[in-house]
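A quick write-up on the structure given underneath.
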Amino acid sequence: MEILRKRLRFSESDDVVLLREVVGQNPFDNPMLWAIVQKNVKSLTKKDFSLRTIKEHLGLIIKLWLKEIDDLKDYRSGMIYQLTEKQTLCAEVYNLMKEFKYEVKKTKLNKTLNTSKTLGVTAREEAAKSNELNNTEIDYVDHDIHIDNTSVGTCIEDNNYDSNDDVGSNVSNIPLLEQCEPQSVITPDGRRIPLCTRKSDVLDHNRKGPNKGLKGQHLFYLNNYNKQYFTLRDKEIQLEEKKLALEERKLRLAEQQFELTSIETRKKLELQEKQINFEIESRRLLETNLDNQNKLIHMLVSKLNK
2 MEILRKRLRF SESDDVVLLR EVVGQNPFDN PMLWAIVQKN VKSLTKKDFS
52 LRTIKEHLGL IIKLWLKEID DLKDYRSGMI YQLTEKQTLC AEVYNLMKEF
102 KYEVKKTKLN KTLNTSKTLG VTAREEAAKS NELNNTEIDY VDHDIHIDNT
152 SVGTCIEDNN YDSNDDVGSN VSNIPLLEQC EPQSVITPDG RRIPLCTRKS
202 DVLDHNRKGP NKGLKGQHLF YLNNYNKQYF TLRDKEIQLE EKKLALEERK
252 LRLAEQQFEL TSIETRKKLE LQEKQINFEI ESRRLLETNL DNQNKLIHML
302 VSKLNK
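Quick note on our numbering: the sequence shown kicks off at 2 and runs consecutively.
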């Protein structure tokens, strides 16, 4: 009992955390990022999931999401579905898997689905055997009775049949060949065009047109989300580029101001040096003139004394 209590299980919030990390890290492109995904999931959920458990559970989430979409394909396209964050993240992860050709390993879900298919086949076989035991004869009408394809197609179109069971309920009301009078039976001249009433054909017809079915709405929503996301990213990149350009202009202006200041300082120093040299030269000339005058005075005084 103590071992069972310590067994780790994924909750709904844990699934969302795992999907967020996978979308953010994209380990399908670089398998080394799986370790980062495991580390982030462990820190956010406080549960020590192994890397193998995370990969298998991710594949299980995506398979369950695809099965949910397949189950909702028969719903009418006019219904409005409220998409959850988990469904949106599942779609993004599925697109990444398809883009990088990532294959999910087989898990217990495949065994469960195969078991359910086997049980369904067994149930149908037992039902057929019980009908044979009850001497219930099922007659199928082939080409002996002429059926107007246009009227049957109009009936199907007016009643909006979505499955093969509804069409079969109307066809079963047609009288058998043994119950008809010979005069009323009309043999067709040419080959009759088969009426496509299979479930897959109806689904293909329902898929045509914009926003038909949950998957179409989901893809439409993801396309709009991606467009808005990339538009916002482009604007953010443009703002960053403008900021960088502004910083570069500021740096260039600062460099120009520094160069101008250095030039002005150099000119001032050169001017001061010239002034000092001029003063020195003027003093030297003055001293030379004074010496010459003194010499002349001494010569005149000497001559006068003689």
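C-beta atoms are modelled at their ideal positions from N, C-alpha and C, and glycine is treated no differently.
Since the model is a prediction, treat every value here as computed from it, not as a measurement.
Taken atom to atom, the span from the alpha-carbon of L220 to that of K102 is near 19 Å. Taking 7 Å as the cut-off, the Cβ atoms of E93 and V24 count as close. In the DSSP assignment, N27 falls outside any alpha helix (DSSP H), carrying neither H nor E. In this structure, the straight-line span from the alpha carbon of I62 to that of A255 is close to 57 Å. If you look at R53, you'll find it in the alpha helix (DSSP H) that goes L52 to D72.
Setting aside the 5 residues that flank it on each side, Q39 is surrounded in the same chain by L52 and I55, each with a C-beta closer than 6 Å to its C-beta; the list follows chain order. Between the alpha carbons of L84 and K228 lies a gap of roughly 18 Å. Selection N27, F11, R284 and N96 evaluated against E57 yields F11 as nearest (Cα-Cα).
Using a Cβ distance threshold of 7 Å, E13 and V42 do not count as a contacting pair. The C-alpha of F279 is placed about 12 Å away from the C-alpha of E271. In the three-state reduction of the DSSP assignment, T85 falls in the coil class.
DSSP places R8 in the coil class of the three-state scheme, outside both helix and strand. In the three-state reduction of the DSSP assignment, F101 falls in the coil class, being assigned neither a helical nor a strand state. Taking 7 Å as the cut-off, the beta carbon of K48 is found closer than this to the beta carbon of L9. Using a 10 angstroms sphere on the CB of L67, the tally of other CB atoms stays under 16, which defines it as exposed. For L45, the enclosing alpha helix (DSSP H) covers residues W35 to T46. With contacts defined by Cβ atoms closer than 7 Å, L97 and F29 form a contacting pair. Burial check for D292: the Cβ neighbour count within 10 Å stays below 16, so the residue is exposed.
If you draw a straight line from the Cα of A36 to the Cα of S263, it comes to about 56 Å. Proximity to E100 across K307, N31, E237 and G217 peaks at N31, based on C-alpha coordinates. A direct Cα-to-Cα measurement between N290 and E274 gives close to 24 Å.
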